[in-house]
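>
Number of protein chains: 2
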Amino acid sequence: MLGLRHLETLDAIREAGSLVEASERLHVTQSALSHQLRDIEGRLGVSLLNRRTRPVRFTVAGERLLALADQVLPLMRQGLRDIRALAEGQSGRLHLAIECHACFQWLMPALDVFREQWPQVELDLSAAFAFAPVPALLRGDLDMVVSSDPVEHEAVLWQPLFSHELVLAVSRNSSLAEREFVEPADLVEETLITYPVERDRLDIFTAFLQPANIEPAAQRKTELTPMMIQLVAAGRGVAALPNWAISEYLDHGLIRSLSLGERGVWRTLYIGIRAEEAEVPYLKEFIQTARQQSMAGLEGIRGA
Amino acid sequence: MLGLRHLETLDAIREAGSLVEASERLHVTQSALSHQLRDIEGRLGVSLLNRRTRPVRFTVAGERLLALADQVLPLMRQGLRDIRALAEGQSGRLHLAIECHACFQWLMPALDVFREQWPQVELDLSAAFAFAPVPALLRGDLDMVVSSDPVEHEAVLWQPLFSHELVLAVSRNSSLAEREFVEPADLVEETLITYPVERDRLDIFTAFLQPANIEPAAQRKTELTPMMIQLVAAGRGVAALPNWAISEYLDHGLIRSLSLGERGVWRTLYIGIRAEEAEVPYLKEFIQTARQQSMAGLEGIRGA
DNA sequence: ATCCCAACATGAGATAATCTCACCTTATAA
DNA sequence: TTATAAGGTGAGATTATCTCATGTTGGGAT
Numbered sequence: 494m495l496g497l498r499h500l501e502t503l504d505a506i507r508e509a510g511s512l513v514e515a516s517e518r519l520h521v522t523q524s525a526l527s528h529q530l531r532d533i534e535g536r537l538g539v540s541l542l543n544r545r546t547r548p549v550r551f552t553v554a555g556e557r558l559l560a561l562a563d564q565v566l567p568l569m570r571q572g573l574r575d576i577r578a579l580a581e582g583q584s585g586r587l588h589l590a591i592e593c594h595a596c597f598q599w600l601m602p603a604l605d606v607f608r609e610q611w612p613q614v615e616l617d618l619s620a621a622f623a624f625a626p627v628p629a630l631l632r633g634d635l636d637m638v639v640s641s642d643p644v645e646h647e648a649v650l651w652q653p654l655f656s657h658e659l660v661l662a663v664s665r666n667s668s669l670a671e672r673e674f675v676e677p678a679d680l681v682e683e684t685l686i687t688y689p690v691e692r693d694r695l696d697i698f699t700a701f702l703q704p705a706n707i708e709p710a711a712q713r714k715t716e717l718t719p720m721m722i723q724l725v726a727a728g729r730g731v732a733a734l735p736n737w738a739i740s741e742y743l744d745h746g747l748i749r750s751l752s753l754g755e756r757g758v759w760r761t762l763y764i765g766i767r768a769e770e771a772e773v774p775y776l777k778e779f780i781q782t783a784r785q786q787s788m789a790g791l792e793g794i795r796g797a
Numbered sequence: 494m495l496g497l498r499h500l501e502t503l504d505a506i507r508e509a510g511s512l513v514e515a516s517e518r519l520h521v522t523q524s525a526l527s528h529q530l531r532d533i534e535g536r537l538g539v540s541l542l543n544r545r546t547r548p549v550r551f552t553v554a555g556e557r558l559l560a561l562a563d564q565v566l567p568l569m570r571q572g573l574r575d576i577r578a579l580a581e582g583q584s585g586r587l588h589l590a591i592e593c594h595a596c597f598q599w600l601m602p603a604l605d606v607f608r609e610q611w612p613q614v615e616l617d618l619s620a621a622f623a624f625a626p627v628p629a630l631l632r633g634d635l636d637m638v639v640s641s642d643p644v645e646h647e648a649v650l651w652q653p654l655f656s657h658e659l660v661l662a663v664s665r666n667s668s669l670a671e672r673e674f675v676e677p678a679d680l681v682e683e684t685l686i687t688y689p690v691e692r693d694r695l696d697i698f699t700a701f702l703q704p705a706n707i708e709p710a711a712q713r714k715t716e717l718t719p720m721m722i723q724l725v726a727a728g729r730g731v732a733a734l735p736n737w738a739i740s741e742y743l744d745h746g747l748i749r750s751l752s753l754g755e756r757g758v759w760r761t762l763y764i765g766i767r768a769e770e771a772e773v774p775y776l777k778e779f780i781q782t783a784r785q786q787s788m789a790g791l792e793g794i795r796g797a
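In the order they appear, the protein sequences are chains V and H. Note that the first sequence covers residues 494 to 797 in this note's numbering. Note that the second sequence covers residues 494 to 797 in this note's numbering.
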């Protein structure tokens, strides 16, 4: 009934002082404004302005609508500006989940870089161990997932980040310490230390032990990679970790690492986003930053 | 482009949780909302909400528009309420001008009554001696005029208030004091005391002296009716005034009053408003109040 | 697995809102 | 009085929006 157009018209008439000039500013005919005023005055049942004076004179009702226009139009303009910024990717949302515990290592610096470059993007971080990432992406709970298990879906775009070898960390005193690689059967006597997630999401099981139908002697869980390393070093068990995640501990000589099987178990980490957002600038740039940071972390690691 | 309808739609969808229920609330089909969203998302270049969740989930852009709706819609609603009040005559404007100096006498109580009954009406008062009231009415400078000289105009509605006699106030010691009436020629030796306005607006000239081509010996001007009375009582001149304006002074015996000519000069006071506003409730009521107050002021006056 | 249901999307045509065009009326000044 | 500038108005064109009929999709039940 009373629309923004009417407020804009009244505003223009006030600025212009006449229907003719206002119509020029609004790029419509004077007739359009005349009809518009007639309509709205009829609907509201009040006269809004006296067209016979120069400049035109607003009635009390007209003044009230002008006051309304002064309140509403700037809000609308600002709102549209904000939406435009969102549309152009100046601002937006990046809710990121990682399915990979050790990834924090290179993720943190990447996040720091990103936050500085895209301050308007709302950044949020969660672990994706308890839920399936693809539905969460499609649902809009997440905008990006880091995973080594890219579940194919037409609406999800997976982009490889880097490849790494999953290695077995053992104590330097372990009987396995001098081996080049281990076979699944070598673990029947060992305690396996893992992150506390379901078995199906642990590559050591899915890619190494289960195919050989081998079960480790025991399983122990911890969230923290350094704690895992300490337990391994203390001879309390063995752990399967990405090679880059343990490189600094190898350098200290605390532990040793072996390939899983003769050819090793290799994994690739992927970043997944909604396919429709493939061109969102800050997402593209985040992926690039993530690649750089993770590559930097890989430098000098054997086999990487 | 982005209209209030879109904001209302988004608001309804948020409240309802789904397009289907929102469409019911808005009394349109679900299809309409779907098209509407599609259009606006296309125009803005952003997705506003994810329809696949239950309830639907808004994107960052959608949330921004909802925030906009929360700001704008209440303002619009309040604005419309105010306009409705204006339209129904609950509130409005009454800029009143009087062409009649002595009228303040009964006008003041009328204004007091009115202010109490119509507190939302913006009341303003001015004297209409220096300008023509009809153009001012039509221009919107004024909303009501009290005048004894109703200039006919199709867009102006004049309503009679009351009639009174214009009488000549003279000193009780004047040589005219015992006369029933005066002739124009009787004033050639007198000083005429008037309000300080142009001659054409003084009935004593237009209706009495000028037709007889008579000029008083002198003219003296003052704004204040009581001062006029004092000057008359002191024998410094004579003054033409409405009978009701001097009734209390007659009672005190300070002065005497004579008719102007054998039949007297009678005037009628009119209230003029724009014809289009004839039905505005507070104007109608003001006129009624004015009539009552002026009638009350006339009570017990001879010849009234 | 497959079917069903509820919800949303889509295309075409109907409807309504809004504009333009052409011409008329009114106020003001030369 | 006559120009002239500003507004008003009716009819028809345009554009926006809606409805109707139907298609698609995701999730749960059989």
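Note that CB positions come from ideal geometry on N, CA and C, so glycine has one too.
What residue from H:S527, H:A727 and H:V758 has the CA that sits closest to H:R749's CA?
Nearest option by C-alpha distance: H:A727.
> If I follow the unbroken alpha helix (DSSP H) through V:E609, where does it start and stop?
Per DSSP, V:E609 is one residue of the alpha helix (DSSP H) stretching across F597 to Q610.
> Using the Cα positions of H:L495 and V:T502, report the straight-line distance between them to the nearest angstrom.
16 angstroms
> For the region 560-571 of chain V, which residues have a beta carbon sitting closer than 7 angstroms to at least one beta carbon of chain H?
In summary, the residues of the region 560-571 of chain V whose CB is separated from some CB of chain H by less than 7 angstroms are L561, Q564, V565, L568 and M569, in the order they occur in the chain.
> Note down, in chain order, each residue of its chain lying with its Cβ closer than 6 angstroms to the Cβ of H:A595, except the 5 sequence neighbours on either side.
T718, P735 and A738
> Pull up the CB-CB distance for V:V675 and V:L751, whole angstroms please, since I reckon it's below 8 angstroms.
Indeed, because the Cβ distance is near 5 angstroms, the residues count as touching under 8 angstroms.
> I want to verify the contact list: residues of chain H whose CB lies under 7 angstroms from the CB of V:E592, in sequence order.
The contacting residues do not exist; V:E592 stays about 22 angstroms from chain H at best.
> Cβ atoms of H:G585 and H:L579: under 8 angstroms apart, would you say?
yes
> Whole angstroms are fine: how far does the CA of V:A554 sit from the CA of H:E769?
16 angstroms
> At which residues does the beta strand (DSSP E) containing H:D735 begin and terminate?
Checking the sequence shown, residue 735 of chain H turns out to be Pro, not Asp. Residues V731 to P735.
> Taking the continuous beta strand (DSSP E) assigned at H:S752, which residues delimit it?
I748 to L753
> Count the other C-beta atoms from every protein chain shown that fall within 10 angstroms of the C-beta of V:R767, then say buried if there are 16 or more, exposed otherwise.
buried
> Under the assumption that V:L500 contacts V:V565 (Cβ atoms under 8 angstroms), give the Cβ distance between them as a whole number of angstroms.
6 angstroms
> Start and end of the alpha helix (DSSP H) containing V:M721?
T718 to A726
> Looking at chain H, is there any beta carbon in it that lies within less than 8 angstroms of the beta carbon of V:A515?
no
> Assess, as a yes-or-no matter, whether the region 654-665 of chain H is touched by the region 755-762 of chain H under the definition of 3 or more beta carbon pairs within less than 8 angstroms.
yes
> When DSSP labels each residue in this structure, what does V:P704 get in the three-state scheme?
V:P704 falls in the helix class under three-state DSSP.
> Do you know how far the Cα of H:P774 is from the Cα of H:L568?
Rounded to the nearest angstrom, the two C-alpha atoms are 27 angstroms apart.
> Ordered along the chain, which non-local residues of its own chain (more than five positions away) have a Cβ less than 7 angstroms from that of V:V549?
I506, G510, S511, L542 and N543
> Can you tell me whether V:E772 is helix, strand or coil according to DSSP?
Coil.
> For the region 545-558 of chain H, list every residue whose C-beta sits within 8 angstroms of some C-beta in chain V, in sequence order.
R545, T546, R550, T552, V553, A554, R557 and L558
> V:I591 and V:A662 look like a contact to me (Cβ under 8 angstroms); what is the Cβ gap, rounded to whole Å?
Rounded, the Cβ-Cβ distance is 21 angstroms, inconsistent with contact.
> Look at the alpha carbon of H:T552 and the alpha carbon of H:L635, and state the distance between them as a whole number of angstroms.
53 angstroms
> For the region 674-691 of chain V, which residues have a beta carbon sitting closer than 9 angstroms to at least one beta carbon of chain H?
none
> Could you have a look at V:P677 and say whether DSSP puts it in helix, strand or coil?
helix
> Taking 8 angstroms as the CB-CB limit, is V:I576 close to chain H?
Under the Cβ criterion of 8 angstroms, V:I576 is counted among the residues facing chain H.
> Kindly indicate which three-state DSSP category V:M569 falls into: helix, strand or coil?
helix
> Pull up the CB-CB distance for H:L685 and H:G730, whole angstroms please, since I reckon it's below 8 angstroms.
6 angstroms
> With 9 angstroms as the limit, tell me which residues of the region 600-622 of chain V have their beta carbon closer than that to any beta carbon of chain H; keep them in chain order.
Per Cβ criterion, the list reads E615.
> For H:S668, count neighbouring Cβ atoms within 10 angstroms of its own Cβ and tell me buried if that reaches 16, exposed if not.
exposed
> Please classify H:G796: is it buried, with 16 or more other beta-carbons within 10 angstroms of its beta-carbon, or exposed?
Residue placement at H:G796 cannot be trusted, given a pLDDT of 43 that sits under 50; the coordinates are not used to answer.
> Compare the C-beta of V:G585 against all C-beta atoms of chain H and say whether one is closer than 8 angstroms.
yes
> Are the Cβ atoms of V:I764 and V:L654 separated by less than 8 angstroms?
For V:I764 and V:L654, yes; Cβs fall inside 8 angstroms.
> Taking the alpha carbon of H:E556 as the reference point, which residue from H:I697, H:D504 and H:S664 has its own alpha carbon closest?
H:D504
> Any beta-carbon of chain H closer than 8 angstroms to the one on V:Q786?
no
> How many Å lie between V:P612 and V:C593 at the Cα?
26 angstroms
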